[in-house]
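These notes are about the structure you will find just below.
There are 2 protein chains.
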Amino acid sequence: MPHKLAPVAVDAMGGDHAPGAIVQGAINAARNGLAIILVGPEERVRDELRRHHAAKSLPIEVHHAAEVVEMDDHPGQAMRRKKQNSIRLSFELVKAGKACGMVSAGNSGAVMAGAMFVLGRIDGVERPAICSVVPALKGNPLMLDMGAVVDCKPSYLVQFALMGELYSRKVAGVHKPRVAILSNGEEETKGTDLTRAAAAALRKSSIGFVGYCEGRDILTGEFDVIVTDGFTGNVALKTMEGAVKVVTELLKRSLYSTAISKLGGLLAKKALDGMKKRMDWREIGGAPLVGVNGIGFISHGRSDALAIECAIRRVRDAARSHFVEEIAAAVAPTEALVEAARAEAAQHAARHVAPTEA
Amino acid sequence: MPHKLAPVAVDAMGGDHAPGAIVQGAINAARNGLAIILVGPEERVRDELRRHHAAKSLPIEVHHAAEVVEMDDHPGQAMRRKKQNSIRLSFELVKAGKACGMVSAGNSGAVMAGAMFVLGRIDGVERPAICSVVPALKGNPLMLDMGAVVDCKPSYLVQFALMGELYSRKVAGVHKPRVAILSNGEEETKGTDLTRAAAAALRKSSIGFVGYCEGRDILTGEFDVIVTDGFTGNVALKTMEGAVKVVTELLKRSLYSTAISKLGGLLAKKALDGMKKRMDWREIGGAPLVGVNGIGFISHGRSDALAIECAIRRVRDAARSHFVEEIAAAVAPTEALVEAARAEAAQHAARHVAPTEA
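Chains as they are written, first to last, in our numbering: chain E, 1 to 358; chain X, 1 to 358.
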């Protein structure tokens with residue numbers, strides 16, 4: 001029998017539609033039997049609970065947090081100066097074991113900063129990462145890092161691969177995850193100094209590393225874990241969002257212009273709704289942090305009640321899997337990591353002996 | 001009156017549908033008055049011309065090239081070992097002034113290698129780049145580099161910006177191009193060491209540099225020139241292609257499943273055709289090389305006759321603009337470039353005094 005989990009801490013003040021949508025999402029999750037701690041200014045949160053007619057019998061507690069991190073706050077400064085902010089206090093609950101994990105739709109830099117500040121990184125992890133779950137044609141591939149670490153070393157990418165593989169196996173339930181590094185071509189000779197060194201190391205690891213994948217493979221679902229630096233990952237994710245938006249817009253226009261009056265409009269709406277449902281980021285439930293000492297999820301800034309409810313469920317799934325406890329073992333120095341370090345040292349030396357400038 | 005241009009050299013052997021589609025595209029362009037030199041095995045090319053019923057009166061010459069670069073040939077080796085290959089000989093015609101420019105739908109690495117090998121880079125250009133023209137909601141932004149230079153220095157990005165700005169102004173006819181660096185956020189503090197150093201330098205330049213843009217801005221048309229390293233550019237472009245394909249596929253499925261029999265299918269087809277036409281890479285006509293001493297265009301490997309015809313027209317437009325002659329002046333050391341060099345030196349020093357490892 002699984003051990004009874006502590007409740008999920010939910011930052012009531014994060015996101016464009018906070019606290020209303022957040023509280024509503026928490027209520028929906030609680031109605032489905034998940035225990036919640038809402039973290040935010042107590043009076044305001046209780047008002048929202050009343051406004052949404054939350055029954056007293058629901059498993060929802062409120063934990064007072066006097067301060068709120070704004071979207072334009074500097075993440076590190078917010079954690080240090082606003083000691084009573086709802087993100088930080090959510091992580092404090094996780095650290096104390098009073099919550100099994102937390103989710104916030106607020107300032108994502110501040111969520112990562114809060115995780116580092118309160119939970120810290122797991123022994124041996126060089127840089128924690130933000131995973132994103134991608135709404136692919138089949139399956140839901142993980143992609144990491146999505147923006148936590150923009151300037152990467154090969155060993156960071158190697159660890160992202162090891163942590164992502166563990167998450168895919170333990171939380172997403174993929175039997176033998178196919179792990180790839182995102183690159184500008186499939187051949188081994190492609191990529192940058194960074195990706196080549198990381199790929200060389202991962203080829204010697206015990207995980208199912210299949211080499212490079214390309215931008216066009218992200219949404220196909222051929223790969224379960226897609227590894228990249230935080231800069232490229234963020235650009236790819238936002239490029240994907242932008243492309244989906246533009247294509248949908250163009251299709252909507254041509255459907256409305258070619259179709260016969262109301263019927264065309266109706267068909268268009270149905271089709272777009274169908275597609276939107278398939279690619280619905282809200283059902284994905286946010287992006288888990290990996291490499292920090294506990295469970296934290298970043299939910300989309302535009303999260304509505306459904307997105308928050310899904311995210312709460314994902315936090316629960318992650319907590320049940322105990323993947324956090326296994327990360328230290330997953331990233332422990334193996335031949336792959338030692339190799340990556342060696343490649344790095346060699347590259348460094350090469351740059352000094354013979355500058356790359358031709 | 002504009003000086004009469006030399007013909008456009010067309011690699012008859014490049015691309016998935018060569019030589020048939022290439023020859024057909026050349027014939028179509030010639031029928032619209034553009035003079036062409038088809039470069040490839042003479043007998044084979046003449047057979048194709050006959051097969052497509054090309055009138056003898058069309059302004060098409062054939063220039064014999066005994067060898068062909070295959071898609072899996074190593075670009076540099078192909079140029080050195082296959083001295084009679086159609087890509088190399090096309091560039092020889094450009095160099096000799098017998099062609100105003102060339103286009104190939106073949107191995108893109110080999111096209112860039114051929115350009116470097118035969119034409120060489122323009123004085124002062126550190127690294128030539130591949131521009132891509134993006135089918136945006138409005139306008140047709142340029143994005144560079146798309147894969148020629150994967151490991152970049154700040155000064156390369158600065159030069160990409162200067163060359164892209166010139167191309168946008170002189171060839172695309174944009175009055176005052178808005179130039180942005182692709183990054184993981186809009187704020188100055190975002191980006192990598194690379195993008196921050198390049199942005200700092202460009203802020204001091206005289207071009208219309210507007211700062212960072214994000215992946216979601218590529219297709220909106222808000223920016224005229226989007227600057228990035230060849231790795232990120234390639235990933236973004238392929239991610240975009242992949243997303244468009246997946247969304248189209250999903251929409252097609254939902255349209256066919258929700259709509260009422262034949263009418264639904266018809267509407268679906270019309271809508272998809274309308275959108276495809278707007279985002280048609282074939283009409284864009286290929287990706288110009290910038291920074292080499294002459295005009296070369298890489299056309300899509302899947303190019304059909306329409307794509308080749310459009311590319312030939314773009315080569316002509318580029319040749320008419322004389323932008324190649326102005327590149328040396330555009331990249332000549334300015335305060336921006338000197339600043340980028342200084343930033344690079346400082347970064348380099350910093351890495352050695354205090355390693356970034358925390």
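Quick reminder that beta carbons are idealized off the backbone N, C-alpha and C, glycines included.
Return the CA-CA distance between residue i and residue j, expressed in angstroms with no decimal places.
{"i": "E:LYS138", "j": "X:LEU89", "result": "46 Å"}
{"i": "E:THR248", "j": "E:ASP273", "result": "11 Å"}
{"i": "E:GLN84", "j": "X:LEU337", "result": "46 Å"}
{"i": "X:ARG169", "j": "X:VAL331", "result": "15 Å"}
{"i": "E:ASP317", "j": "E:ARG46", "result": "27 Å"}
{"i": "X:SER57", "j": "X:PRO41", "result": "21 Å"}
{"i": "X:PRO135", "j": "X:ALA26", "result": "23 Å"}
{"i": "E:ARG31", "j": "E:GLY173", "result": "26 Å"}
{"i": "E:MET146", "j": "E:VAL8", "result": "24 Å"}
{"i": "E:VAL171", "j": "X:ALA319", "result": "57 Å"}
{"i": "E:ALA343", "j": "E:ASP193", "result": "9 Å"}
{"i": "X:SER321", "j": "X:LEU34", "result": "16 Å"}
{"i": "E:ALA287", "j": "E:SER299", "result": "6 Å"}
{"i": "X:ALA361", "j": "X:LEU144", "result": "What is shown of chain X runs 1 to 358, which leaves residue 361 of chain X out entirely."}
{"i": "X:ALA358", "j": "E:PRO141", "result": "Legend: pLDDT at X:ALA358 = 33, less than 50; position of this residue unreliable, value from coordinates given subsequently. Near 30 Å, if we compare the C-alpha coordinates of E:PRO141 and X:ALA358."}
{"i": "X:SER261", "j": "E:ALA243", "result": "Because the pLDDT of X:SER261 is 47, which lies under 50, any placement of that residue in the model is unreliable, and the number read from its coordinates should be weighed accordingly. Distance between the alpha carbons of X:SER261 and E:ALA243 is about 29 Å."}
{"i": "E:ALA78", "j": "E:ALA110", "result": "7 Å"}
{"i": "X:CYS213", "j": "E:GLU241", "result": "14 Å"}
{"i": "E:ILE325", "j": "X:LEU182", "result": "Sequence check: residue 325 of chain E is Glu here, not Ile. If I take the Cα positions, the gap works out to 37 Å."}
{"i": "E:ARG44", "j": "E:ALA29", "result": "20 Å"}
{"i": "E:THR356", "j": "X:ARG127", "result": "Below a pLDDT of 50, predicted positions are generally treated as unreliable, and E:THR356, at 39, falls in that range; the measurement from the model is reported next regardless. Between E:THR356 and X:ARG127, the C-alpha separation is close to 12 Å."}
{"i": "E:ARG314", "j": "E:VAL290", "result": "14 Å"}
{"i": "E:ALA197", "j": "E:PHE209", "result": "14 Å"}
{"i": "X:ILE284", "j": "X:CYS310", "result": "7 Å"}
{"i": "X:GLY76", "j": "E:GLY185", "result": "17 Å"}
{"i": "E:LEU49", "j": "E:LEU38", "result": "10 Å"}
{"i": "X:TYR167", "j": "E:GLU165", "result": "44 Å"}
{"i": "X:LYS4", "j": "X:LYS98", "result": "12 Å"}
{"i": "X:LYS245", "j": "X:VAL103", "result": "26 Å"}
{"i": "X:PHE323", "j": "E:ASP73", "result": "45 Å"}
{"i": "E:ASN253", "j": "E:ALA199", "result": "First, the amino acid is wrong: residue 253 of chain E is Arg here, not Asn. So the alpha carbons of these two residues sit roughly 43 Å apart."}
How about residue i and residue j: are their beta carbons less than 8 Å apart?
{"i": "X:ALA6", "j": "X:CYS100", "result": "yes"}
{"i": "X:ALA161", "j": "X:ILE207", "result": "yes"}
{"i": "E:GLU188", "j": "E:GLY211", "result": "yes"}
{"i": "E:ASN107", "j": "E:MET163", "result": "no"}
{"i": "X:VAL62", "j": "X:MET13", "result": "no"}
{"i": "E:ILE36", "j": "E:PRO59", "result": "yes"}
{"i": "X:ILE312", "j": "X:VAL10", "result": "yes"}
{"i": "X:VAL235", "j": "E:GLY191", "result": "no"}
{"i": "X:ALA105", "j": "X:ILE308", "result": "yes"}
{"i": "X:THR195", "j": "E:ILE218", "result": "no"}
{"i": "E:HIS52", "j": "E:GLN24", "result": "yes"}
{"i": "X:ALA328", "j": "X:ASP123", "result": "yes"}
{"i": "E:ASP16", "j": "E:GLY221", "result": "no"}
Cβ-heavy atom distance between residue i and the ligand MN below 7 Å?
{"i": "E:ALA343", "result": "As far as ligands go, the structure on display features none, and thus does not contain the ligand MN."}
Would you mind giving the Cβ-Cβ distance between residue i and residue j, rounded to the nearest angstrom? I have them listed as a contact below 8 Å.
{"i": "E:LEU251", "j": "X:LEU251", "result": "6 Å"}
{"i": "E:ALA201", "j": "E:ALA340", "result": "4 Å"}
{"i": "E:GLU335", "j": "E:LYS153", "result": "With a Cβ gap of about 17 Å, E:GLU335 and E:LYS153 do not count as contacting."}
{"i": "E:LEU237", "j": "E:SER132", "result": "6 Å"}
>> So, does the region 287 to 299 of chain X touch the region 91 to 101 of chain X, judging by three or more C-beta pairs under 8 Å?
In response: yes
> Could you give the uninterrupted runs of the alpha helix (DSSP H) lying entirely in the region 170 to 230 of chain E, keeping only those of 4 residues or more?
Replying inline: 193 to 203
> Between the region 226 to 237 of chain X and the region 151 to 161 of chain X, do at least 3 Cβ pairs fall closer than 8 Å?
Replying inline: yes
>> List, from N- to C-terminal side, the alpha helix (DSSP H) runs of 4 residues or more that fit wholly inside the region 318 to 348 of chain E.
In response: 323 to 331
> Should the region 101 to 118 of chain E be regarded as contacting the region 76 to 90 of chain E, the criterion being three or more beta carbon pairs within less than 8 Å?
Replying inline: yes
>> My parser needs the beta strand (DSSP E) runs of 3 or more residues fully inside the region 44 to 116 of chain E; what are they?
In response: 60 to 64 and 101 to 104
>> If we require 3 or more residues per run, which beta strand (DSSP E) segments fall completely within the region 18 to 42 of chain X?
In response: 36 to 40
> Is it true that the region 170 to 185 of chain E meets the region 210 to 225 of chain E, where meeting means three or more beta-carbon pairs spaced less than 8 Å apart?
Replying inline: yes
> Can you give, in chain order, each stretch of the beta strand (DSSP E) that sits fully within the region 130 to 157 of chain E and has at least 3 residues?
Replying inline: 142 to 144
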